[in-house]
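Chains as they are written, first to last, in the working numbering: chain A, 1 to 371; chain B, 1001 to 1407. Note that beta-carbon positions come from the ideal geometry of N, C-alpha and C, so glycine has one too. Since the structure comes first, as structure tokens, the remarks are kept for the end.
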């Protein structure tokens, strides 16, 4: 299979690598937030994979959850109820989303997952917060060691950090290819690549990325060009929405997504005590909007606009994602007034209901930019 | 059925709430510091520093009671704030977009804003947006979520230390703002008053355990104002003493909210601020709300010799900052203590924290007490999707399913 197509097949908890991992009787841990310190988990020989939803209706979860809930978090819970996450030996969440935090109560009471853990992620980046987060990660490390009877040595952590940093650098190289016109990798392809990196061991992903980077220059079926766009938002766990944008002559060249650039943009300092360096990396990464200041994220968007020669921005607010919805009008105003950037703000449901309306509005926005 | 209103609560808004806004506006004009405060922030600190606290949440609820919250929400929505966001937040942000004839002249402008993450991330985001509009600083007191246990001892020591260290740092920042040091004696006095108000407030709740109950939810949701907003004041203590006396007298005379009390209900979360008459409707059917979770989470005993630590413990163990077990435990205890035979679990459209979890509460409470609960999908402040007829029908049907206390 061509490397580009391969990535898409890996965006599933059940893939060839996780099956192999399980066959070797090694534990798999599902996590809910991009603030989960994966390095600590992986250093203990445990595979961290991100819990995603599906496009199916959340019939089982609807029994427990009201309508006014993030449809992504609901879908994840629905899959767990259906037994689609039975391969997980543990489920870990962070204090980074009210929806997930409250639905976690249901995970603990209704899902037969063996172990659960809650990491308190600070909402600020002060020295105090860092000290607290460092303590919190040490505590998490102890929990892993005790519950999985594994060893997490400084040496293991350092090696893992190298592997993870390499993955981040390779992903950045993929993003670099999108600066060209037309880009060498489309927005939906890039998203699939990043998503797949959360589902398989990072060494394996690094291999796939290196192969791709070797071959990509000779690519013949180049993505279609179009109006160069940046998409901003929270979670996108499949590429359907970006494919929709691309189907109406949008060319997604950059993103500010929790499952996109925000996932890998920052690296861990390799010259510091590893757990502390990990705490620093996650706390100081391009912030998700639950943090005490969104300025870092807004700056990241502005920089990407320049670096990737972006002509328009679509802010996708997942319905009932409060923290993004509060930021959306503010970010839009800053982009319009300070950067003169055209912005389209859209609300969407994870299940993609109402997609026809979305298509109309996106197409109208792109037509406006083409003029 | 005639309703006998409590003397102490008569003219509550005119006598207590309105003067607070007037005084805050006046203080602002005189150059005193005014802070916007979100609930679950340890307001005792501000009171001890003579900083005037104003409560956007309280303001949203009063706008709802005055039936002006929806036009204000709409102003915020026109600026791009989603109609699925917290209606308190939309109402208050809307009031900043040039609305005229605001109740009480609007919320006085802040010199700074203080917020804690105890209750939700929405508090932080809403205050961030306001801080940006006012170009005034926002001070955050970041609260680790209490997942382990409702028992204060279940909190990790470094959780408490983190809270205390932030609080100390914050006090330093407030001192810079005000140019005056926090007077430790005054803080001790404020905590003592807060304790005293809390004890009286719990005594008030105790009177409601009597059959018939001497006070219902409509009055409780007014009276909680002091506990929530200005607990560490003489005014709070005086008011609660007066209310205590009146309730004691009612209990001694066997006087209840309704003449023929048939159902005793627990009310979770917030009321419908725009339709407090719904409690009257329930009372007309012989159903008295005898306890609210909201009334039971603000009193905490503070140790004046360890002010910061006890504030940390008070707020970190607040139900809003805990996993669902705390809510289930509280409601279960209340059913027993208040001899309740029904529970209303209203959700709140724009509030994840109040909306997610009620099915679990219903299930567990029924398992433990055999009392069935009613989940009511509503919003506290935005009445646009409120169907009075539907809600009344649901309530009446629910009451019929309950076991009658008095045959």
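Per-residue burial, residue i [other beta carbons within 10 Å of its own, 16 or more giving buried]
i: residue 1393 of chain B; result: exposed
i: residue 222 of chain A; result: exposed
i: residue 141 of chain A; result: buried
i: residue 1009 of chain B; result: buried
i: residue 238 of chain A; result: buried
i: residue 215 of chain A; result: exposed
i: residue 1397 of chain B; result: exposed
i: residue 324 of chain A; result: buried
i: residue 1284 of chain B; result: exposed
i: residue 317 of chain A; result: buried
Inter-residue Cα distance where the pair is residue i and residue j
i: residue 1218 of chain B; j: residue 1280 of chain B; result: 8 Å
i: residue 1141 of chain B; j: residue 291 of chain A; result: 12 Å
i: residue 328 of chain A; j: residue 299 of chain A; result: 14 Å
i: residue 1104 of chain B; j: residue 245 of chain A; result: 48 Å
i: residue 1093 of chain B; j: residue 1110 of chain B; result: 13 Å
i: residue 1020 of chain B; j: residue 1201 of chain B; result: 20 Å
i: residue 1114 of chain B; j: residue 1069 of chain B; result: 23 Å
i: residue 112 of chain A; j: residue 196 of chain A; result: 26 Å
i: residue 1156 of chain B; j: residue 1117 of chain B; result: 17 Å
i: residue 383 of chain A; j: residue 1333 of chain B; result: Outside the displayed range of chain A (1 to 371) lies residue 383 of chain A, so it cannot be described from this structure.
i: residue 1066 of chain B; j: residue 1274 of chain B; result: 7 Å
i: residue 1245 of chain B; j: residue 1268 of chain B; result: 26 Å
i: residue 186 of chain A; j: residue 159 of chain A; result: 32 Å
i: residue 1410 of chain B; j: residue 1229 of chain B; result: Any question about residue 1410 of chain B goes unanswered here, given that chain B covers just 1001 to 1407.
i: residue 337 of chain A; j: residue 369 of chain A; result: 17 Å
Cβ of residue i within 7 Å of any chain B Cβ
i: residue 64 of chain A; result: yes
i: residue 122 of chain A; result: yes
i: residue 19 of chain A; result: no
i: residue 292 of chain A; result: yes
i: residue 77 of chain A; result: no
i: residue 201 of chain A; result: no
i: residue 164 of chain A; result: no
i: residue 320 of chain A; result: yes
i: residue 323 of chain A; result: yes
i: residue 362 of chain A; result: no
First and last residue of the uninterrupted alpha helix (DSSP H) at residue i
i: residue 13 of chain A; result: Note, residue 13 of chain A: premise wrong, no alpha helix (DSSP H); not H, not E.
i: residue 1056 of chain B; result: 1056 to 1065
i: residue 105 of chain A; result: 98 to 110
i: residue 1116 of chain B; result: Per DSSP, residue 1116 of chain B belongs to no alpha helix (DSSP H); it is in the beta strand (DSSP E), 1112 to 1116.
i: residue 1222 of chain B; result: 1217 to 1229
i: residue 41 of chain A; result: 38 to 43
i: residue 1279 of chain B; result: 1277 to 1284
i: residue 262 of chain A; result: 261 to 264
i: residue 3 of chain A; result: 3 to 9
Continuous beta strand (DSSP E) stretch holding residue i: start and end
i: residue 232 of chain A; result: 227 to 233
i: residue 1342 of chain B; result: 1342 to 1346
i: residue 1291 of chain B; result: 1287 to 1292
i: residue 92 of chain A; result: 90 to 94
i: residue 1263 of chain B; result: 1263 to 1267
i: residue 317 of chain A; result: 312 to 318
Min CB distance residue i to chain A below 7 Å
i: residue 1150 of chain B; result: With a pLDDT of only 44 at residue 1150 of chain B, under the threshold of 50, the placement of this residue in the model should not be trusted; the figure read from the coordinates follows. No, residue 1150 of chain B lies away from the interface with chain A (no Cβ there is under 7 Å from its Cβ).
i: residue 1296 of chain B; result: no
i: residue 1162 of chain B; result: yes
i: residue 1349 of chain B; result: yes
i: residue 1171 of chain B; result: no
i: residue 997 of chain B; result: There is simply no residue 997 of chain B to check, as chain B begins at 1001 and stops at 1407 in what is shown.
i: residue 1166 of chain B; result: yes
i: residue 1084 of chain B; result: yes
i: residue 1125 of chain B; result: yes
Query - the stretch 210 to 230 of chain A touching the stretch 31 to 49 of chain A, judged by at least three CB pairs closer than 8 Å - result: Touching, no.
Query raised in the report: Going along the stretch 1306 to 1328 of chain B in order, which residues come within less than 7 Å of chain D, judged by CB to CB distance?
Result: Absent here is chain D; the protein component of the structure consists of chains A and B.
Requested in this report: Assess, as a yes-or-no matter, whether the stretch 1030 to 1039 of chain B is touched by the stretch 1121 to 1130 of chain B under the definition of 3 or more beta carbon pairs within less than 8 Å.
Outcome: With a cut-off of 8 Å, the stretch 1030 to 1039 of chain B and the stretch 1121 to 1130 of chain B count as touching, because enough Cβ pairs lie within range.
Query raised in the report: How about the stretch 1184 to 1202 of chain B and the stretch 1293 to 1304 of chain B: do they share at least three Cβ pairs that are nearer than 8 Å?
Result: Touching, per the Cβ criterion.
Query raised in the report: Is the stretch 1041 to 1061 of chain B in contact with the stretch 1304 to 1324 of chain B, if contact means three or more CB pairs nearer than 8 Å?
Result: Contact check between the stretch 1041 to 1061 of chain B and the stretch 1304 to 1324 of chain B: three or more CB pairs, one atom from each, fall below 8 Å, which counts as touching.
Query raised in the report: Would the stretch 1320 to 1329 of chain B and the stretch 1360 to 1368 of chain B be scored as touching if the rule is three or more Cβ pairs under 8 Å?
Result: Contact holds: three or more Cβ-Cβ distances are below 8 Å.
Query raised in the report: Are at least three pairs of beta-carbons, each pair with one atom in the stretch 1248 to 1264 of chain B and one in the stretch 1016 to 1031 of chain B, less than 8 Å apart?
Result: With the cut-off at 8 Å, the stretch 1248 to 1264 of chain B and the stretch 1016 to 1031 of chain B do not touch.
Query raised in the report: Touch check for the stretch 265 to 274 of chain A and the stretch 196 to 205 of chain A: three-plus C-beta pairs under 8 Å?
Result: Contact between the stretch 265 to 274 of chain A and the stretch 196 to 205 of chain A is absent, with fewer than three C-beta pairs closer than 8 Å.
Query - Given 8 Å, three or more beta-carbon pairs between the stretch 240 to 255 of chain A and the stretch 77 to 85 of chain A - result: Two segments are said to touch when three or more pairs of C-beta atoms, one from each, lie closer than 8 Å; by this definition the stretch 240 to 255 of chain A does not touch the stretch 77 to 85 of chain A.
Query raised in the report: Are the stretch 1179 to 1188 of chain B and the stretch 1210 to 1225 of chain B touching by the rule of at least three beta carbon pairs closer than 8 Å?
Result: The stretch 1179 to 1188 of chain B, when compared against the stretch 1210 to 1225 of chain B, does not touch it at the 8 Å Cβ threshold.
Query - the stretch 1072 to 1088 of chain B contacting the stretch 1374 to 1383 of chain B, beta-carbon criterion three pairs below 8 Å - result: The stretch 1072 to 1088 of chain B vs the stretch 1374 to 1383 of chain B: in contact.
**Report entry** Cβ contact check for the stretch 338 to 345 of chain A and the stretch 274 to 290 of chain A: 3 or more pairs under 8 Å
**Finding:** Counting Cβ pairs under 8 Å, fewer than three are found: no touch.
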